[in-house]
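Residue 102 in this note's numbering sits at position 109 of the sequence shown; the count goes up by one each step and never skips.
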Amino acid sequence: MTDLKVRLGLGAGLALADPLEDTRALVDGCERRGIDSLWFPDRIASDAVEPLTALGWAAGRTQHLKLGTGVVVLPGRNPAVVAHQLASLAALAPRRILPSFGLQPATRSERTAYPVPGPRAAVFEEALVVVRRLLTEEVVTHHGRFFTLDAASVGPRPAKPLDLWLGGLVPAALERVGRLADGWLASFVTPAEATGARTVIADAADAAGREVEEDHYGTNLLVLPPEATEDDVEQAFATTARRRPEVDPAALIARDWAEARRLVGEFVEGGITKFVVRPAAAPPRWEDFLDAFVAELGPLET
């Protein structure tokens, strides 16, 4: 699988000392350095810039940088509005918009901000179907369990259909990727877990009579900046332990760039070839972190 295209992008996550200034520095810095992609989180209870707004602002400020959501919560959003937003973004920035969706917010405190009209997983799946149909069909009539559309359309639709990626790690989420999505963007996973998940997704796609492309499997990768203090390390490990209490945080966080390179290699050997690299603690200077990212991980792209 090592002949697949390996691509590495940046994700801000919540490691932003100043969300506005740091977002500007990231967008401009990634574009200037020719970095493949930049990904924005959906964290409504934080100071992070709203992801679809960030995509629009960044798309107008850049010419080459790909822009992704990592991941945007779909249940609780109007899927027709989301489809229109994505269609407009893709028309204005062709081949540069990379949407990925998740089932629910990362923290329980944020879940009330995304009310859903039924079981969250069922709403998620129907909303994803609605988004895809509106992005690929001229006119859509949909009478479902949760959403109703009569002769609906959005435009301008992108000339090339957008690939819709999903996150998630539990078996039901992985099977959903195989049945309904075009790719998988994991987070807080080990290389061994990601390799196993890839098999589950491919099997689910095969059972559904469809295919997820070989190079449409990716993951977030946490890296501690060289300047990270002991307090930074302790906080990063504690945050990761809350997300995956059953896994040693040391297996999910690269302590330095050398360990990041090793992890990328292990992921690639298992068929995971797309990466969103996120600092596990706020770097003192984004310019330095971006320079190190290009020097240390850039040569791994193929």
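Where is the CB? At the ideal position from N, CA and C, for every residue including glycine.
Contact between the region 230 to 245 and the region 257 to 266 is absent: fewer than three C-beta pairs spanning the two stretches fall below 8 Å.
Nearest neighbour of P68 by Cα position, chosen from F268, G53, A38 and A115, turns out to be A115. For S81, the enclosing alpha helix (DSSP H) begins and ends at P72 to L85. For V133, the enclosing beta strand (DSSP E) stretches over residues V133 to H136. Between the region 138 to 154 and the region 68 to 78, the count of C-beta pairs closer than 8 Å reaches three or more; the two stretches touch. Shown here for A221: same chain residues with a beta carbon closer than 8 Å to its own, the five before and five after excluded, namely A229, A273 and A274 in chain order. Separation of the CB atoms of E207 and L(-3) is rounded to 6 Å, and the pair is thereby assigned contact status at 8 Å.
In the DSSP assignment, the residues bridged to A145 are V133. Closest in C-alpha terms to R88, from the list A47, D29 and G111, comes D29. Within the region 191 to 257, the complete beta strand (DSSP E) runs of at least 3 residues fall at 210 to 216. Secondary structure note for A179: it is in no alpha helix (DSSP H), and the uninterrupted beta strand (DSSP E) holding it is G176 to A179. Ranked by Cα distance from E289, the first of D249, G6 and V240 is D249. In the pairwise beta carbon analysis, the region 43 to 58 is classified as not touching the region 98 to 110: fewer than three pairs are separated by under 8 Å. Listed in chain order, the alpha helix (DSSP H) elements of length 4 or more contained wholly in the region 0 to 52 are 12 to 26. Contact between the region 9 to 17 and the region 40 to 53 is present, with at least three C-beta pairs closer than 8 Å. As a beta-bridge residue in DSSP terms, G61 pairs with W32 and L91. Counting other Cβ atoms within 10 Å of its Cβ, D35 reaches 16 or more and is therefore classed as buried.
In terms of Cβ geometry, W32 and G2 form a close pair [threshold 8 Å]. Per DSSP, V182 is not a residue of any beta strand (DSSP E), being assigned neither H nor E. In this structure, P151 lies near A83, with their beta-carbon atoms less than 8 Å apart. If you draw a straight line from the Cα of G291 to the Cα of F260, it is about 16 Å long.
According to the DSSP assignment, F140 belongs to no beta strand (DSSP E), since it is labelled neither H nor E.
The alpha carbon of L173 has as its nearest neighbour, out of E24, V123, V216 and S146, the alpha carbon of V123.
L217 sits away from G161, with the two beta carbons spaced by 8 Å or more.
Under the three-state reduction of DSSP, P164 is assigned to helix.
Shown here, P108 sits in coil according to DSSP, grouped into three states, outside any helix or strand. Taking C-alpha positions only, V147 is separated from T134 by approximately 12 Å. Under DSSP, the beta-bridge partners assigned to L159 are F94 and W177. According to the DSSP assignment, E280 belongs to the alpha helix (DSSP H) that extends over W279 to L290. Annotated three-state conformation of R150 is coil, per DSSP. Between P154 and T129, the beta carbon gap of about 5 Å places them in contact (Cβ cut-off 8 Å). Remark: C-beta atoms of G176 and D199 do not approach each other more closely than 8 Å.
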